[in-house]
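Numbering (this note's numbering), first residue to last: 496 to 623.
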């Protein structure tokens, strides 16, 4: 019976010395939080593309807040917004037309309108 008990007990898994040293210098921190705080932490983690450890370091003032994610989002938004031109008014409602130069259809419509109006460069001699 004692022999069966010994077999039933799982053998301790071998850990390499490097892993033992790592665990000694990097202890585990475990906390329980309510669902609301957990969701907020997850949101911060995903928005900033950072780990829970990074969030803790920033909160303790040990690490500066990363701005790369915010910069990238702002750059992308600015690029998209910069491609929108407000030019002319709608023939139906009179509101300003917003041309999104990232959309092929808007570029085609704007090109067609300019070509029909027969605009010329300000440097070109007048055809008259």
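Glycine residues also receive a C-beta, built at the ideal position from the N, C-alpha and C atoms. All values derive from a computational prediction rather than experimental measurement.
For residue 610, the enclosing alpha helix (DSSP H) starts and ends at 599-612. The DSSP assignment places no complete beta strand (DSSP E) segment of no fewer than 3 residues inside the stretch 507-580. Annotation for residue 553: 560 place their beta carbon closer than 6 angstroms to its own, counting only its chain and skipping 5 residues before and after. The residues 596, in chain order, have a CB closer than 7 angstroms to that of residue 602 in the same chain once the five nearest residues on each side in sequence are set aside. Taking 8 angstroms as the upper bound for CB-CB distance, residue 526 and residue 540 are not in contact here, some 15 angstroms apart. Distance from the Cα of residue 534 is smallest, within the candidate group 619, 547 and 574, for 547.
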